[in-house]
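Student:
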Amino acid sequence: MTPLADALAAYLTRTAGAPVAVEALARISGGASRETYRYDAVIGGRRDGYILRRDPPGSLIDTDRRLEFLAISSFVGKGVAAPQVVALEEDGAELDRPFFIMRRVDGGAAASPFSADPYGEHREAIGEQFFSILGKIAAEPLAGLPFVEVAPAPEHSACWRRELDYWAGVIDADEQHPQPIVRAAIRRLRRDPPPTAARISVVHGDYRSGNFLHDGRGSIIAVLDWEMAHLGDPLEDLAWAMDPLWSPIPDGRVSGMIGVAEALAIWSRASGLAIDPKAMAWWSLFAAVKGQAIWTSSAKAWKDGGFIEPILAFSGWYTARRHDEILAERLSALEVA
Amino acid sequence: MTPSLPDLLIGQAAALTASQPVEAGGDYLAGRVGMLALLAVMMAQEAERGLAARVWENGAIGDLLAKAAPAYRLAPATDGGDLSWRALDQRNADLRRLLIKLHELVEARGDADLDREILALYRAMAHARRLDLPAS
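For the record, the sequence lines run as chains G and Y.
All letters in the first sequence, in the order written, are residues 0 to 336 by numbering that gives the first Met the number 0.
All letters in the second sequence, in the order written, are residues 0 to 135 by numbering that gives the first Met the number 0.
(1) I want to see whether chain Y comes within less than 8 Å of residue 165 (chain G), judged by CB atoms only; does it?
(2) For my contact list, residue 230 (chain G) and residue 151 (chain G) are in at a C-beta cut-off of 8 Å; report their separation, rounded to the angstrom.
(3) Quick check on residue 8 (chain G) - is its C-beta less than 8 Å from some C-beta in chain Y?
(4) For the candidate residues G:47, G:186 and G:336, whose alpha-carbon lies nearest to that of residue 24 (chain G)?
(5) Could you tell me whether the Cβ atoms of residue 119 (chain G) and residue 213 (chain G) are closer together than 8 Å?
(6) So that I know if they touch, is there some Cβ in chain G lying closer than 8 Å to that of residue 128 (chain Y)?
(7) Roughly how many angstroms lie between the CA atoms of residue 96 (chain Y) and residue 60 (chain Y), to the nearest whole one?
(8) Let me know the secondary structure DSSP gives residue 253 (chain G) once reduced to three states.
(9) Could you name the residues of chain G that residue 35 (chain Y) contacts, counting a contact when the two beta carbons are closer than 7 Å?
(10) Would you kindly report the start and end of the unbroken alpha helix (DSSP H) that includes residue 206 (chain G)?
(11) Would residue 176 (chain G) count as contacting chain Y if we go by Cβ distances under 8 Å?
(12) I'd like to confirm something about residue 112 (chain G): is its beta-carbon nearer than 7 Å to some heavy atom of the ligand NAD, or not?
(13) Only counting the same chain, and skipping five residues up and downstream in sequence, which positions put a Cβ closer than 7 Å to that of residue 183 (chain G)?
(14) Along the chain, which unbroken stretches of the alpha helix (DSSP H) at least 4 residues long are found entirely within the region 119-188 of chain G?
(15) Output yes if chain G places a C-beta closer than 8 Å to the C-beta of residue 43 (chain Y); else output no.
(16) Going by the CB atoms, is the gap between residue 4 (chain Y) and residue 58 (chain Y) shorter than 8 Å?
(17) In this structure, does DSSP put residue 45 (chain Y) in helix, strand or coil?
(18) Put residue 39 (chain G) into one of helix, strand or coil per three-state DSSP.
(19) List, from N- to C-terminal side, the alpha helix (DSSP H) runs of 4 residues or more that fit wholly inside the region 3-62 of chain Y.
(20) Check the C-beta distance from residue 11 (chain G) over to residue 40 (chain G) and give it rounded, since I have them as a contact under 8 Å.
(21) In angstroms, rounded to a whole number, what distance separates the CA positions of residue 234 (chain G) and residue 74 (chain G)?
(22) Would residue 63 (chain Y) and residue 120 (chain Y) be called neighbours here (beta carbons separated by less than 8 Å)?
(23) Going along the chain, which residues of its own chain have a beta-carbon closer than 7 Å to the beta-carbon of residue 124 (chain G), five neighbours each way excluded?
(24) Going by DSSP in three states, residue 47 (chain G) sits in which element: helix, strand or coil?
(25) Taking Cβ positions only, does residue 180 (chain G) come closer than 8 Å to chain Y?
(26) Could you give the residue range of the alpha helix (DSSP H) that holds residue 326 (chain G)?
(27) With distances taken between CB atoms, is the gap from residue 38 (chain G) to residue 22 (chain G) smaller than 8 Å?
(28) Just the C-alpha distance for residue 239 (chain G) and residue 66 (chain Y), rounded to the nearest angstrom, thanks.
(29) Less than 8 Å separating the beta-carbons of residue 144 (chain G) and residue 201 (chain G)?
(30) Quick one: any contact between the region 161-173 of chain G and the region 278-298 of chain G, if contact means 3 or more CB pairs under 8 Å?
(31) Which residue's Cα is closest to the Cα of residue 94 (chain G): G:5, G:128 and G:83?
(32) Taking 8 Å as the CB-CB limit, is residue 53 (chain G) close to chain Y?
(33) If you follow the alpha helix (DSSP H) that residue 69 (chain G) is in, where does it begin and where does it stop?
(34) Going by beta-carbon coordinates alone, are residue 227 (chain G) and residue 205 (chain G) separated by less than 8 Å?
(35) Tell me, please, whether the CB atom of residue 25 (chain Y) is closer than 8 Å to any CB atom in chain G?
(36) Is the beta carbon of residue 324 (chain G) sitting closer than 8 Å to the one on residue 129 (chain Y)?
Written out as structure tokens, the structure is:
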């Protein structure tokens, strides 16, 4: 047993009121803003698989694990492949840092969004489900969702400003080197706001290739990483999911799945929303600004953490430069349009 | 822009020598090693073209600022001629701050020609600093 396994077993034993053994505890890749572990809990001869998500000593993105927990809770059983959440400890309990626990979804893998052909022969089937699930999240009525009890709802006309203010503020706080391209994009977004949101929905916040498990046979079995979930304009999620960063091979397919027009049509059918091209253009430029803000924080966290975590170096370097390319192209295209 | 190549090399050493808890082995360790390998490949690209990109970018921004200086009354950035990574990055930071200021003034004045020129420079800057993912 490791110190973490011991502490987890003590927590589970206390909360279950019966002896629980923790076996096969292993860290897995699960994003840079939470430590993610898989383990088996054995209680009374029964073995079940779980995932532990614990805050790292210094978190990349300032997110609220209660919001993440309630966002996932809000979509369990709603046909969007949300995992089953089972426990939340905001004070850290026996594990020192805040954490929550989910049922483990076995039999799947998350593809790297930077691989050349992440879904192979199943790209069409995965793409259909990917954009259909995102449309369903956008279509979910807010009334009664646990998430809505804690997530502040913006006015329809204020979604864009709240998000832009937040992410521009992240850049202001964490920037270590002047970034003229993203600064120009922020000014452009402020000068030319999008139309009022057609609907206020739950926005997953990081819905993209690589943030879901698929079974290798063409089925999405779990949507992951709800830590940036909030209420807002559902086009924010759509634009983020379609950002060129997630499509390293420029073959016309979104994230190595399906074509742009098909993706938009699937999302539109599932969400019940028409897509305003002006709004989509605004949110597409915003997506790259948001990305650049996250990568700016990555670079700072990597430096502040003693240069140790390679995933932070990658996101603070490669993805930051890629988003500069995307931003520069988008700014020029908007100028011509 | 950041981190710089010297930072990245220090990071490789720090990551390789950092102690890890027992539970961070197996697939997680393999993924971490794979990430370090990917970073090393891109560091080779940066070693090959990073200095040239910095020298070019600093020159291009300096030229544009000089061209705009009479109309926009911007003070030129000084150039010490030092070609170390640190000195080039420091000069680049100074130049980029002036470029941001210039672009704000250009937008406020509605100077469409210079605006287009700045946007074209942004594209060229981003392209010069690009990193290429390995083919497989």
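Just so you know, even glycine gets a beta-carbon here, dropped at the ideal spot from N, CA and C.
Tutor: According to the structure data:
(1) no
(2) 7 Å
(3) no
(4) G:47
(5) no
(6) yes
(7) 10 Å
(8) strand
(9) 309
(10) Looking at the DSSP string, residue 206 (chain G) is not in any alpha helix (DSSP H), and its letter there is neither H nor E.
(11) yes
(12) No copy of the ligand NAD appears in this structure; indeed no ligand is present at all.
(13) 330
(14) 122-138 and 158-173
(15) no
(16) no
(17) helix
(18) strand
(19) 4-16
(20) 6 Å
(21) 19 Å
(22) yes
(23) 217
(24) strand
(25) yes
(26) 319-335
(27) yes
(28) 38 Å
(29) yes
(30) yes
(31) G:5
(32) no
(33) 64-74
(34) yes
(35) yes
(36) yes
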